[in-house]
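Numbering (our numbering) for the sequence shown: 112 to 200.
The beta carbon of each residue, even a glycine, is placed where N, CA and C say it ideally should be.
Working notes for the structure below.
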Amino acid sequence: MFILKAKTQLVNAINKAKKLRPTVKFDHFGRYRVSGSKGGFYTVLCRKSNNGFKTVACTCKGAEKGLVCYHAAAALALHTGLARLRQAA
Ligand SMILES: [Zn+2]
112 MFILKAKTQL
122 VNAINKAKKL
132 RPTVKFDHFG
142 RYRVSGSKGG
152 FYTVLCRKSN
162 NGFKTVACTC
172 KGAEKGLVCY
182 HAAAALALHT
192 GLARLRQAA
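As structure tokens, this is what we get:
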């Protein structure tokens with residue numbers, strides 16, 4: 112899990128996601144499943160904690176070590192779009 116503070120954290124992960132183009136499946140707002148490079152899906156949870164931090168958790172090995180993985184970047188792209196729509200509604 113990592114705390115999202117700045118978009119710059121995501122640059123490498125976004126580039127990787129653009130290259131690999133994982134499938135992102137929508138479970139519900141804040142919960143997504145992203146295809147892995149070796150098949151299967153990882154679950155990505157995007158949350159806003161009570162103290163206002165945005166946290167992103169992914170079930171892959173990299174994220175376990177606190178790395179910003181491309182699954183998280185792919186899910187966040189969808190999540191932030193949805194969050195914007197919600198605010199507009
Ligand atoms: Zn991941």
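- Linking T134 to T154 through their CA atoms gives a straight-line distance of about 12 Å.
- In this structure, the CA atom of A184 is about 5 Å from the CA atom of I125.
- It is roughly 26 Å from the alpha-carbon of A128 to the alpha-carbon of Q198.
- Per DSSP, the continuous alpha helix (DSSP H) segment holding T191 begins and ends at Y181 to A199.
- Taking a C-beta distance under 8 Å as the contact criterion, Y143 and L196 do not qualify as a contact pair.
- DSSP lists F152 as the beta-bridge partner residues of S146.
- Comparing alpha carbon positions, the residue from L131, N161 and F140 closest to L187 is F140.
- When the beta-carbon positions are compared, K165 and K172 stay at least 8 Å from each other.
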